[in-house]
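Reviewing the structure listed below.
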Amino acid sequence: MTFLQTTYEAAAETGDWYKDALEFGLVQPRVPRPIDRG
1 MTFLQTTYEA AAETGDWYKD ALEFGLVQPR VPRPIDRG
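Start counting the sequence shown at 1; every next residue gets the next number (the UniProt record's numbering).
Okay, here's the thing in structure tokens:
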């Protein structure tokens, strides 16, 4: 898991990803998460 997390962080930093839009907390199964269009 550590490898996956550090790889994701390196890719996000290198690719200048908007991580706030990609990351979200735990959700309920089969309940869509809200989309932030801001």
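Built from N, CA and C at the ideal position, the CB exists for glycine as well.
This structure is a prediction, so every number in the text was calculated from the model and none was measured.
Practice item. Note down the Cα distance separating alanine 10 from threonine 2, rounded to an integer number of angstroms. Key: Stepping through the sequence shown from its first residue, residue 10 is reached at position 10. Stepping through the sequence shown from its first residue, residue 2 is reached at position 2. Distance between the alpha carbons of alanine 10 and threonine 2 is about 12 Å.
Practice item. Measure the beta-carbon distance from aspartate 36 to alanine 21 and round it to whole angstroms, keeping in mind my assumption that it falls under 8 Å. Key: To locate residue 36, count along the sequence shown from 1; it is residue 36. To locate residue 21, count along the sequence shown from 1; it is residue 21. Correct: roughly 7 Å between the Cβ atoms.
Check your understanding: How many angstroms separate the CA atom of phenylalanine 24 from the CA atom of proline 34?
Key -> Taking the sequence shown and counting its residues from 1, the one referred to as residue 24 is at position 24. Taking the sequence shown and counting its residues from 1, the one referred to as residue 34 is at position 34. Whole-angstrom Cα-Cα distance: 10 Å.
Check your understanding: Alpha carbon to alpha carbon, what distance is there between leucine 26 and glycine 15?
Key -> For the purposes of this step, residue 15 is taken as the residue at position 15 of the sequence shown. For the purposes of this step, residue 26 is taken as the residue at position 26 of the sequence shown. Between glycine 15 and leucine 26, the C-alpha separation is close to 25 Å.
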